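Numbering (our numbering), first residue to last: 10 to 338. Step one of this worksheet: look at the structure below.
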Ligand code: SF4
């Protein structure tokens, strides 16, 4: 569970955990305003926080003195991903719809809590498409946040928002950063004595070509994939079959461990009964166990053998099967 939202926040801020969003919030806090930060999570970003939201928010409060709450967008996000209104980026990333969804949520929260501004750490020109000035304006329009959405790091390059016009936020103390360079942000972080921040990284798995391809494959099935299935795609070797069924085989000890902890009640877990080897997870039916067992054996020394026993488990049920004939090809 995430902590309760603070009483009467004046500003709602999107928190990505990156330096830019930390700076944007600190700049506004320095003006004496109460900021409620929000971090959105889905199986594609921020999901490692799932189940330990409170601990994470406490850490952010301790390290940065930022009040944070977590909002899990998974259900709506997974639906949106099947047909994003504004299409996909280079991979399976629905950036426009994603940003609009987050800002819509922030706007609803701002309305509920009577906050007067929404703040993000976006910087004009930092990303090739989504942070182009015209795209930023388009996103404001489509999320109904025109006049409400403030980007403190680039504010001086953008039209003043209502909070600046009413004097709630002092525009003079905002910035005019632009472009991909990080120097101004790093200098500002130093000035604000922010030393503990993550280095910029991809962050969103939907921009990773290999992962995005797997997700796309599952979306070609008849129904919207479940979060539990998507989480498994982060590891191992992937063998899709039929509409939305698949087998994943761990590549190493770390994969095997992750697969075992990520598998849900409805997934089959398979391993070799008589020798060490990888773990395989099957999302499918009992009749597919032999197919999964074959994939498992192909990535183990068992492929040299004439007969291999494999144990499986699904929830409380367990059993074993034997593959006959060498799998060596
Ligand atoms: S990169 Fe990922 S998180 Fe960022 S806007 Fe695109 S889809 Fe959303």
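Ideal Cβ placement from N, Cα and C applies to all residues, glycine included. Because the structure is a prediction, the values reported are computed rather than measured.
Between which residues of its own chain and residue i is the CB-CB distance below 6 Å, once the five residues before and five after are set aside?
i           : result
residue 323 : 277
residue 63  : 10
residue 87  : 233
residue 214 : 53 and 220
So who's on the other strand from residue i, going by DSSP bridges?
i           : result
residue 76  : 45
residue 51  : 54
residue 151 : For residue 151, which the question treats as bridged, DSSP gives no partner whatsoever.
residue 323 : 326
residue 278 : 290 and 322
residue 249 : 255
residue 333 : 316
residue 23  : 47
residue 127 : 21 and 158
residue 81  : 50
Give me the Cα-Cα distance between residue i and residue j, rounded to the nearest whole angstrom.
i           : j           : result
residue 73  : residue 317 : 55 Å
residue 109 : residue 101 : 16 Å
residue 147 : residue 33  : 21 Å
residue 273 : residue 165 : 49 Å
residue 270 : residue 92  : 30 Å
residue 55  : residue 31  : 16 Å
residue 26  : residue 204 : 13 Å
residue 124 : residue 42  : 11 Å
residue 275 : residue 292 : 8 Å
residue 227 : residue 240 : 12 Å
residue 96  : residue 144 : 14 Å
residue 182 : residue 85  : 37 Å
residue 186 : residue 171 : 20 Å
residue 217 : residue 225 : 12 Å
residue 321 : residue 279 : 4 Å
residue 46  : residue 104 : 21 Å
residue 107 : residue 89  : 8 Å
Suppose the cutoff is 8 Å on Cβ atoms and the five residues either side in sequence are ignored; what does the same chain contact list for residue i look like?
i           : result
residue 127 : 20, 21, 22, 23, 112, 115, 116, 119, 154, 157, 158 and 159
residue 59  : 50 and 81
residue 132 : 29, 140, 160, 162, 163, 186, 187, 188 and 194
So what's residue i in DSSP terms, helix, strand or just coil?
i           : result
residue 184 : coil
residue 292 : strand
residue 206 : coil
residue 33  : helix
residue 287 : coil
residue 170 : coil
residue 264 : helix
residue 233 : coil
residue 91  : helix
residue 143 : helix
residue 133 : strand
residue 217 : coil
Whose C-alpha, out of the options, is nearest the C-alpha of residue i?
i           : options               : result
residue 258 : 251, 217, 303 and 215 : 303
residue 265 : 131, 253, 63 and 309  : 309
residue 161 : 150, 140, 176 and 129 : 129
residue 137 : 311, 183, 190 and 181 : 190
residue 197 : 14, 229 and 36        : 36
residue 212 : 49, 17, 12 and 13     : 49
residue 69  : 262, 99, 28 and 105   : 28
residue 295 : 282, 263 and 256      : 256
residue 135 : 163, 122 and 282      : 163
residue 38  : 178, 66 and 313       : 178
residue 281 : 215, 192 and 328      : 328
residue 78  : 312, 12 and 175       : 12
residue 305 : 326, 325 and 330      : 330
residue 246 : 290, 284 and 283      : 290
residue 332 : 307, 325 and 184      : 307
Going along the chain, which residues of its own chain have a beta-carbon closer than 7 Å to the beta-carbon of residue i, five neighbours each way excluded?
i           : result
residue 238 : 227 and 292
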